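Sequential numbering of the sequence shown, starting at 1, is according to UniProt numbering.
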Amino acid sequence: MTSDWQNPITAFVYTDELSQYQLSAEHPLRPIRLQHMHELMKSSGLFDLANVDSPAPRVATKAEIETSHDPDYVSIVEAISNGAIAPGMGEFGLGSSDNPVREGMYETTALCVGSTLTASELVTSGKADIAFAPAGGVHHHAMPRSAAGFGVFNDAVIAMKAMVEAGLRVAYIDIDCHHGDGVQIGHYDSDQVLTISIHESGQWLFPGTGYVQEIGSGDGTGYSVNIPLAPYTQDDEWHKAFDEVIPPLVRAFKPDVLFTQLGIDTHFQDPLTHLALTTQGFNLAVQKLGSLAAEIGKWVAVGGGGYDLSAVARSWTMALATMANHDLPDQIPSTFDSLQHLTNFADVPPEPSEDRYLSEIQSFNNGTLKEIRALVLPKFGI
Numbered sequence: 001m002t003s004d005w006q007n008p009i010t011a012f013v014y015t016d017e018l019s020q021y022q023l024s025a026e027h028p029l030r031p032i033r034l035q036h037m038h039e040l041m042k043s044s045g046l047f048d049l050a051n052v053d054s055p056a057p058r059v060a061t062k063a064e065i066e067t068s069h070d071p072d073y074v075s076i077v078e079a080i081s082n083g084a085i086a087p088g089m090g091e092f093g094l095g096s097s098d099n100p101v102r103e104g105m106y107e108t109t110a111l112c113v114g115s116t117l118t119a120s121e122l123v124t125s126g127k128a129d130i131a132f133a134p135a136g137g138v139h140h141h142a143m144p145r146s147a148a149g150f151g152v153f154n155d156a157v158i159a160m161k162a163m164v165e166a167g168l169r170v171a172y173i174d175i176d177c178h179h180g181d182g183v184q185i186g187h188y189d190s191d192q193v194l195t196i197s198i199h200e201s202g203q204w205l206f207p208g209t210g211y212v213q214e215i216g217s218g219d220g221t222g223y224s225v226n227i228p229l230a231p232y233t234q235d236d237e238w239h240k241a242f243d244e245v246i247p248p249l250v251r252a253f254k255p256d257v258l259f260t261q262l263g264i265d266t267h268f269q270d271p272l273t274h275l276a277l278t279t280q281g282f283n284l285a286v287q288k289l290g291s292l293a294a295e296i297g298k299w300v301a302v303g304g305g306g307y308d309l310s311a312v313a314r315s316w317t318m319a320l321a322t323m324a325n326h327d328l329p330d331q332i333p334s335t336f337d338s339l340q341h342l343t344n345f346a347d348v349p350p351e352p353s354e355d356r357y358l359s360e361i362q363s364f365n366n367g368t369l370k371e372i373r374a375l376v377l378p379k380f381g382i
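What follows is the structure, encoded as structure tokens:
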């Protein structure tokens, strides 16, 4: 570690340029969410803390993007971004309602990738203990040769490949509601990256993958780990699965770096998904990830999904405060007016599931854990 982990050097890698574009008028991913989050962080005094820095992100180079994406795909994104007409763009997953084309898409995505690379470089160089790039992570569905699930260039894959090239072992933990399929594929045959995704089961939610049986191939066999959960899983049940699988696996793997994707589309008010976490349930996960990071000494965090603007602003503000070991007040500061009608950081929890539904949820999730105990944990001597 480069400093006392009681006051870890925490870098928040962001610029408002990352929030000032629109995918389409109807698109559920609204980059403006990052501006609301940033305003709440400022109102909460997080950037006044001595151990929090706010470095600007750099732009990823084309060569860096092409370490993980087909050059033909990268070139067509660049051409469309500059206003070219591309009749064959559908082959590359572009032009759908999920992945609309727009001028400037290459530039904003390269900046997003650059923010994640900036965060990873700060941590791996020892200039920061923790770096959080909230614009990153949302591209975790992007594939080597195509856009998918709102993702164009997979910043997490690109950053972790650079870390592996530098001789580092990386534990990637994805707590987004959707399975991190693009990241899994990016490292599916590697034993240098342990990918763990805890998510709503693909039986009910895009991308329809992320089953326990997807464990990797070749040298990577056993190093892809999936924890699919039932819809309407709430805080307690979610954390039961997290606690049984994630900390022991990470400790057994002994990584050099912890890399986390902190999607907050697990929130019970999220319009696209069906898990039922609260902001405090989410932040408890961040606290647990922080404990693992303290043991490792290096933590890179990115954002991810999150389509309820209030949940995004509150949860990622809570996350940055947790990283910096700072206690937030219970109430939203009165100076924050970027979003209306916010009163508290914590939620009033949703109503508990009825007994018969809770029994079904627990049965499904216990089945997942049973499969993991049989198929995954023995690989690591657990």
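Glycine included, each C-beta is placed from N, C-alpha and C at the ideal position.
None of the values given here were measured: they were computed from a predicted structure.
Just curious, the alpha helix (DSSP H) that W238 is in, first and last residue?
Numbered from 1 along the sequence shown, position 238 holds the residue referred to as residue 238. Element bounds for W238: 235 to 253.
Where A156 sits in the DSSP three-state scheme
Within the sequence shown, numbered from 1, the residue matching residue 156 stands at position 156. If DSSP states are grouped into helix, strand and coil, A156 belongs with the helices.
Which same chain residues end up closer than 6 Å to I32 when comparing Cβ atoms and leaving out the 5 residues on each side of it in sequence?
Here residue 32 refers to the residue found at position 32 when the sequence shown is read from its first residue. Result list for I32: S19, in chain order.
Three Cβ pairs or more, each shorter than 8 Å: is that satisfied between the stretch 92 to 104 and the stretch 35 to 48?
no
Note down the Cα distance separating P57 from Q269, rounded to an integer number of angstroms.
Indexing the sequence shown from 1 puts residue 57 at position 57. Indexing the sequence shown from 1 puts residue 269 at position 269. Distance between the alpha carbons of P57 and Q269: 31 Å.
Within this structure, are the beta carbons of A311 and L262 separated by less than 8 Å?
In the sequence shown, the residue the question calls residue 311 occupies position 311. In the sequence shown, the residue the question calls residue 262 occupies position 262. Going by C-beta atoms, A311 is not nearer than 8 Å to L262.
Cβ-Cβ distance between V183 and V77 below 8 Å:
Taking the first residue of the sequence shown as 1, we reach residue 183 at position 183. Taking the first residue of the sequence shown as 1, we reach residue 77 at position 77. No.
Is DSSP giving A228 helix, strand or coil here?
As a first step, residue 228 is located in the sequence shown; it is residue number 228 there, counting from the start. What sits at residue 228 in the sequence shown is Pro, not Ala. If DSSP states are grouped into helix, strand and coil, P228 belongs with the strands.
For F272, which of P231, H326, V300, Y211 has the nearest alpha-carbon?
Here residue 272 refers to the residue found at position 272 of the sequence shown. For the sequence presented, residue 272 should be read as Leu rather than Phe. It is P231 whose Cα lies nearest to the Cα of L272.
Can you tell me which of the three DSSP states F259 falls into?
Numbered from 1 along the sequence shown, position 259 holds the residue referred to as residue 259. Three-state result, F259: strand.
Who are the Cβ neighbours of P378 in its own chain at under 6 Å, not counting the five residues just before and after it?
For this step, residue 378 is matched to residue 378 along the sequence shown. If we look at P378 and ignore the five residues flanking it on each side, it has no Cβ neighbours.
Could you check how far apart the C-beta atoms of V157 and G303 are, in whole angstroms? I think they sit under 8 Å.
By one-based count along the sequence shown, residue 157 stands at place 157. By one-based count along the sequence shown, residue 303 stands at place 303. Not confirmed; about 16 Å, so no contact.
Between the beta-carbon of G104 and the beta-carbon of S75, is there less than 8 Å?
Indexing the sequence shown from 1 puts residue 104 at position 104. Indexing the sequence shown from 1 puts residue 75 at position 75. Their beta carbons are not under 8 Å apart, which means G104 does not touch S75 by this criterion.
Got a sec: is the Cβ-Cβ distance from F336 to anything in chain B below 8 Å?
Of the protein chains in the structure, only one exists, and it is not chain B.
Is it true that the stretch 190 to 202 meets the stretch 213 to 220, where meeting means three or more beta-carbon pairs spaced less than 8 Å apart?
yes
Kindly list the residues whose CB is nearer than 7 Å to the CB of T343, restricted to its own chain and excluding five residues on each side of it in sequence; keep chain order.
For the purposes of this step, residue 343 is taken as the residue at position 343 of the sequence shown. The answer, listed in chain order, is Q331, I332.
Below 8 Å between beta carbons: does that hold for H141 and P207?
Position 141 of the sequence shown, counted from the start, is the residue given in the question as residue 141. Position 207 of the sequence shown, counted from the start, is the residue given in the question as residue 207. Yes, Cβ-Cβ distance for H141 and P207 is below 8 Å.
Considering T335, what are the terminal residues of the alpha helix (DSSP H) in which it resides?
As a first step, residue 335 must be located in the sequence shown, where it is residue number 335. Neither: T335 is in no alpha helix (DSSP H) and is coded neither H nor E.
So, with DSSP's three-state summary, where would you put H376?
For this step, residue 376 is matched to residue 376 along the sequence shown. Checking the sequence shown, residue 376 turns out to be Val, not His. Reduced to three states, the DSSP call for V376 is coil.
Smallest Cα separation from M143: which of G83, P71, K240?
As a working note, residue 143 is residue 143 in the sequence shown. The shortest Cα separation from M143 among G83, P71, K240 belongs to P71.
Count the C-beta pairs between the stretch 227 to 245 and the stretch 362 to 377 that are closer than 8 Å, then say yes if the count reaches three, no if not.
yes
Give the secondary structure of I130 by DSSP, where H, G and I count as helix, E and B as strand, and everything else as coil.
Residue numbering aside, residue 130 sits at position 130 when the sequence shown is read from its first letter. Three-state DSSP puts I130 in a strand.
Grouping DSSP H, G and I as helix and E and B as strand, with all else coil, what is A313?
Counting from one through the sequence shown, the residue named residue 313 turns up at place 313. In this structure, A313 counts as helix in the three-state DSSP scheme.
Leaving out five residues on either side along the sequence, give the residues of the same chain with a beta carbon under 7 Å from the beta carbon of I215.
Here residue 215 refers to the residue found at position 215 of the sequence shown. Cβ within range, chain order: T221, G222, S224, L375, V376.
Quick check on the DSSP output: the alpha helix (DSSP H) that includes L194 runs from which residue to which?
On the sequence shown, residue 194 is found 194 positions in, with the first residue counted as 1. Counting along the chain, L194 falls outside any alpha helix (DSSP H), though it belongs to the beta strand (DSSP E) covering 193 to 200.
Mapping DSSP to helix, strand and coil, what is I9?
Here residue 9 corresponds to residue number 9 of the sequence shown, with the count starting at 1. Coil, per DSSP.
Along the beta strand (DSSP E) that carries I173, what are the first and last residues, could you check?
As a working note, residue 173 is residue 173 in the sequence shown. Note, I173: beta strand (DSSP E), 170 to 174.
Can you tell me the Cα-Cα spacing of A324 and I65, whole angstroms?
Numbered from 1 along the sequence shown, position 324 holds the residue referred to as residue 324. Numbered from 1 along the sequence shown, position 65 holds the residue referred to as residue 65. If you take the alpha carbons of A324 and I65, they lie about 30 Å apart.
Using only the alpha-carbon positions, how far apart do T322 and D265 sit?
Reading the sequence shown from its first residue, position 322 is the one you call residue 322. Reading the sequence shown from its first residue, position 265 is the one you call residue 265. Rounded to whole angstroms, T322 to D265 spans 19 Å at the Cα level.
Put V300 into one of helix, strand or coil per three-state DSSP.
Within the sequence shown, the letter at position 300 stands for residue 300. Residue state, collapsed to three classes: strand.
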